[in-house]
Amino acid sequence: MSVNMNMSTLELDQFFQMIKDGEIEPIAALIERGLDVNLIHRYTSLLYYALANEQHAVARLLYEHGANLVAISDVENTDLLKATSLKIYKIIDDLEQVSFDYLHPVGELLNDAAWNGDFDTVKKLVSLGVDIDYNKLSIYCYTSDYEDAPLYNATSNNHTKIAKFLIDNGANVTLSNVLGERAYHVARREKNDDLVQFIVEHEPIHLHDYQTRVATLLEMGLPIEIINYLGHTNKRVELQGIDMEYIVFRDVFEITSFTWCGYVLIDLLSESGIFDPQGILCWCPTIGKIVGVSMGSNLFMVPDDVTWDQFLHNPEEYLNDFIHYSYDNILEDYDFDAGDNYSNE
């Protein structure tokens, strides 16, 4: 029977005080008597507490006797997303050098490593069982609290080796972020042809079949004239007389869709000069019109009855009004405090 099962709450409190004080010899004696090095007391593991108090010798002792590197922060929730970060990738190499971050979830460490191109850390965290698809996909109209998955982050910074490793180890290539983008879309945008091909080889065939995509887009509510214009390849349009020098349309394989504040939006641009293309030109099936949105400014702009042909004839006029917020904002009376109003499709 583990020692902790015979210890009262007071005795456990005293034991945790021993950890805080770094009393290595009595702690070692308790371990020899059968102490459960993975016990949880007051929602905190022994290893977590030792590192939180910078008692690295105690932490090393616990680690060498089987303490779980992925310490659970809530005894009632064993999901790794609730785990606390012990900078676990450093423990293996040199526990003395641990830089403890008290509030940093383990999954975020994997995301950070993928974003920064730290391949060794990515491999260690994946080998320890950290959720390879860890993400936080919640966003509100007025602010955001989301984090993309490791594969998306690695792809965003062209860390091709890491992206391929994550895919080879089971990362979900079809996982979309809150804006409906998969790693495929990012690799396309980054013009990383090698990674694009690798991702395509691991994605379902229907995502890259033209007729299937056309049928899907029609079902989503995108008009056939827009679909036909977008076609198989990107189209670049040079602009005159406005700050946005050019735009590049997504092709049918790049089209993404998401819902923002109750409106379905089909995003049409992959590039827009110096401007972030996200939301600048969308088709909104909810109202059946071309629209422009600025999520950061909570703006949803709808020009009066502009047809697709009219837009193509004079894109500068409409895009200039979009980027300068010249249209009325239909979200002016929107209740931004109502909760989570954003989701991918």
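Residue numbers (the working numbering): 2 to 346. For glycine and all other residues, C-beta sits at the position ideal for the given N, C-alpha and C. Bear in mind the structure is a predicted one, so any value in this text is a computation, not a measurement.
DSSP state of residue i mapped onto helix, strand, coil
i      : result
GLU65  : helix
THR234 : coil
VAL292 : strand
THR213 : helix
ASP268 : strand
SER128 : helix
HIS160 : coil
SER139 : Bear in mind that the predicted position of SER139 carries a pLDDT of just 49, short of 50, making it unreliable; the figure below should be weighed with that in mind. Coil, per DSSP.
THR45  : strand
GLU352 : Residue 352 is absent from the structure shown; the chain starts at 2 and stops at 346.
GLU109 : helix
GLU239 : strand
THR85  : Below a pLDDT of 50, predicted positions are generally treated as unreliable, and THR85, at 35, falls in that range; the measurement from the model is reported next regardless. Strand, per DSSP.
Where the alpha helix (DSSP H) containing residue i begins and where it ends
i      : result
VAL187 : 184-190
GLN15  : 10-22
PRO278 : Neither: PRO278 is in no alpha helix (DSSP H) and is coded neither H nor E.
LEU208 : Here LEU208 belongs to no alpha helix (DSSP H), and DSSP marks it neither H nor E.
ALA30  : 25-33
ASP310 : 309-314
Environment of residue i [buried if 16+ CB atoms lie within 10 Å]
i      : result
VAL127 : buried
GLN15  : exposed
GLU55  : exposed
LEU218 : buried
VAL238 : exposed
SER273 : buried
GLN279 : buried
ILE140 : Because the pLDDT at ILE140 is just 44, under 50, the model does not fix this residue reliably, and the value given afterwards should be weighed accordingly. That one is buried.
TYR247 : exposed
ASP277 : exposed
ILE267 : buried
ASP305 : exposed
SER271 : buried
LEU11  : exposed
GLU77  : Unreliable placement is indicated for GLU77, whose pLDDT of 38 sits below 50; no coordinate value is reported for it.
LEU347 : Since the first residue of the chain shown is 2 and the last is 346, residue 347 is not available in this structure.
ARG43  : exposed
ALA114 : buried
GLU226 : exposed
LYS125 : buried
ALA172 : buried
ALA68  : buried
HIS160 : buried
TYR185 : buried
THR45  : buried
The ligand PLP heavy atom lying under 7 Å from the CB of residue i
i      : result
GLU220 : Among the ligands in the structure shown, none appear at all, so the ligand PLP cannot be discussed.
Terminal residues of the beta strand (DSSP E) in which residue i lies
i      : result
VAL249 : 247-250
SER327 : No beta strand (DSSP E) holds SER327; DSSP gives it neither H nor E.
PHE254 : Looking at the DSSP string, PHE254 is not in any beta strand (DSSP E), and its letter there is neither H nor E.
LEU300 : 300-302
CYS262 : Unbroken run through CYS262: none, as it is neither H nor E.
**Item:** Cβ contact check for the segment 174-186 and the segment 149-159: 3 or more pairs under 8 Å
**Value:** The segment 174-186 vs the segment 149-159: in contact.
**Asked** How about the segment 275-294 and the segment 213-228: do they share at least three Cβ pairs that are nearer than 8 Å?
**Response** Enough Cβ pairs lie closer than 8 Å, so yes.
**Prompt:** Are there three or more Cβ pairs, one per stretch, closer than 8 Å when the segment 58-68 is compared with the segment 26-33?
**Reply:** Using a C-beta cut-off of 8 Å, the segment 58-68 makes contact with the segment 26-33, since at least three inter-stretch Cβ pairs fall below that distance.
**Prompt:** Should the segment 204-219 be regarded as contacting the segment 294-311, the criterion being three or more beta carbon pairs within less than 8 Å?
**Reply:** Segment contact: the segment 204-219 against the segment 294-311, fewer than three CB-CB distances shorter than 8 Å; contact not assigned.
**Request:** Would you check if there are 3 or more beta carbon pairs closer than 8 Å linking the segment 255-262 to the segment 191-198?
**Result:** Three or more beta-carbon pairs separated by less than 8 Å are not found between the segment 255-262 and the segment 191-198, which leaves the two stretches without contact.
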